[in-house]
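What follows is a short report on a single structure.
Number of protein chains: 2
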Amino acid sequence: MRATMRVTEERPATPGTLLERGMEILGCFDAGHTALTLTQIAQLTGLPLSTCHRITTTLCNGGFLSRGSDRRFRVGTRLWTIAQQAPLNDRLRESALPTLARLYEETGENVTLAVLDRGQALYVDRLVGERSVPTVIRGGGHLPLHTTGVGKVLLAAQTDAAIEAYLSHPLPRPTLRSITDPDALRRDLAEVRERGYAITRQEMSAGSGSVAVPILRGGTCVAAVGVVVHMARLDVGRLVATLNQAARVIEAGLGDEG
Amino acid sequence: MRATMRVTEERPATPGTLLERGMEILGCFDAGHTALTLTQIAQLTGLPLSTCHRITTTLCNGGFLSRGSDRRFRVGTRLWTIAQQAPLNDRLRESALPTLARLYEETGENVTLAVLDRGQALYVDRLVGERSVPTVIRGGGHLPLHTTGVGKVLLAAQTDAAIEAYLSHPLPRPTLRSITDPDALRRDLAEVRERGYAITRQEMSAGSGSVAVPILRGGTCVAAVGVVVHMARLDVGRLVATLNQAARVIEAGLGDEG
DNA sequence: GGATAAACTTCCGCCTCATGGAAGTATTCG
DNA sequence: CGAATACTTCCATGAGGCGGAAGTTTATCC
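Chains as they are written, first to last, in my numbering: chain A, 1139 to 1396; chain B, 1139 to 1396.
Structure below.
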């Protein structure tokens, strides 16, 4: 009989404006949700079906969504086109791409480029090999700072105050090896600063580790490049050398200041 | 005294809903407009300043826009993240990337990957070399089908009816060498179909030409890879061989059907 | 550095346009 | 082929967007 307990459902106090709702619907398309039916969207957002229908129709007309023959919604090319104007693409990505690919060729491993975004590592680009560690996250996704190589590099480059702020929040712990103790992390980050590179050992997923180095512009760290490899192939010395070389090339492509 | 001739201004009959206006504002961020001030947005959209202000504020709160210390708006990371879920990225892009980069390394030229979108060639990815032809368009931009190598490939793969529909619209003519005569284009496209590759010679911009080949999945053309080079270096035979090799690799990475 | 201009932000009463339940239609599944 | 599910359309109501104008901050100029 399921009852009608919808009373205390989810709506705290926010009626939500049309535009906010539109953004909320678009936000449903995250990693793993590349195609959604109308009802799925209604469930995910908690909005009435007719409301979702109206909004999705508008979004489709604007090219922000598109609807395939399977009646499912996908992100539209218009939205994608607009997104290409994001600062993330400005120079970093374009100038880094060939270098990342060469890195990928040289190492045969998963190569990632990430920046700091909203207290997480935002994966700007990612090259995944068939022969390497299985996919954890696709480009455009976020992962914690303290469990990934690129994340540690980005975090270590922040001010002490920012680091403390990060540590003050509860830290996710995806594996048993994840470092979540504040003191241990502080030591780890200090080491990253000294050495100029970060290492993770099964801190994000069992069986794999990573190495990452910063990309600097005008003395500040704007991004990080890293590789994710099976633990057995975690040859830190070689990888750091290769990564540093790549970072240097990317930095050169960025220009001095912009 | 300026009068109040605002009556017949610009608003045909569309008041525009909040969501539509939001999309319109986001749409202002196209090639060459990566950062806009509030007044610029108001001018571009023709919307009142206060309205723009309200909408941009909402968009910023949602992460769809961000505002730098220079008070200018840019596309936000949230929007970018969502865009990564677009079908464009599904497999094509990820699996093509390393190959494109290798192409870039081998040829030292501008390498482009494009799909058909709304009657134009949508550039999914683009690697631009310092040593090669200057930038015409960035990734995420649209160019005509009949003046670009990748465009011709995509157009030639369409049904005859679709081609005729394309030819029935007025064709832009960026250079004197652009082929805009319908009959000449039909012949050109027939040739593309036979040979399996397309050539342009100064049809998009003076001094440069291009070669492109299709990327097939399940017998249909889903994309095109091409290179843009200075006319002096337009060694068709060599480029076609290299491109075909690359296309084969990309196709292999796509999987059979999905 | 002070004055003027431009760009931006806030405010509020009017009135349009979004709202969402319900009824109707298409699609899928057994 | 019928039942269940997914989607689309409709409409009276009132919540929320509207934009001109006044106020504040930032940029420009001499």
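Where is the CB? At the ideal position from N, CA and C, for every residue including glycine.
| Check | Outcome |
| --- | --- |
| Residue-level contact to chain A via CB, residue 1229 of chain B, 8 Å cutoff | no |
| With 16 other Cβ atoms within 10 Å as the buried cut-off, status of residue 1247 of chain B | buried |
| Distance, residue 1287 of chain A Cα to residue 1340 of chain B Cα | 46 Å |
| Contact between the stretch 1167 to 1176 of chain B and the stretch 1193 to 1213 of chain A (3+ Cβ pairs under 8 Å) | no |
| Contact with chain A by residue 1239 of chain B, beta-carbon distance below 8 Å | yes |
| Closest by C-alpha distance to residue 1260 of chain A, when choosing among B:1222, B:1183, B:1266 and B:1387 | B:1222 |
| Cβ neighbour criterion (16 or more within 10 Å) applied to residue 1280 of chain A | buried |
| Strand pairing of residue 1258 of chain B, partner residues [DSSP] | B:1255 |
| Outcome for residue 1352 of chain A when other beta-carbon atoms lying within 10 angstroms are tallied against a minimum of 16 | buried |
| Own chain residues within Cβ distance below 6 Å of residue 1315 of chain A, not counting five before or after | 1340 and 1341 |
| Neighbourhood of residue 1392 of chain A by C-beta distance below 7 Å, restricted to the same chain and skipping five residues each side | 1229, 1230, 1233 and 1355 |
| Residue 1372 of chain B versus B:1345, B:1363 and B:1183, residue with shortest Cα-Cα distance | B:1345 |
| Neighbourhood of residue 1272 of chain A by C-beta distance below 8 Å, restricted to the same chain and skipping five residues each side | In this prediction, residue 1272 of chain A has a pLDDT of 44, which is less than 50 and means its spatial position is unreliable; what the coordinates show is noted afterwards. Excluding positions up to five away in sequence, the list is empty. |
| Interface partners of residue 1255 of chain A on chain B, CB under 8 Å | 1215 |
| Segments of 3+ residues assigned as beta strand (DSSP E) that fall wholly inside the stretch 1143 to 1223 of chain A | 1203 to 1205 and 1211 to 1213 |
| Beta carbon proximity, residue 1158 of chain B to chain A, threshold 8 Å | yes |
| Segment limits, beta strand (DSSP E) that includes residue 1378 of chain A | Looking at the DSSP string, residue 1378 of chain A is not in any beta strand (DSSP E); the run it does join, the alpha helix (DSSP H), is 1374 to 1392. |
| Start-to-end residues for the beta strand (DSSP E) that takes in residue 1328 of chain B | Note, residue 1328 of chain B: premise wrong, no beta strand (DSSP E); alpha helix (DSSP H) at 1320 to 1333. |
| Residue 1200 of chain A: contacting residues in chain B (beta-carbon distance under 7 Å) | 1158 and 1161 |
| Interface partners of residue 1179 of chain B on chain A, CB under 7 Å | Chain A residues near residue 1179 of chain B: none, gap ~13 Å exceeds 7 Å. |
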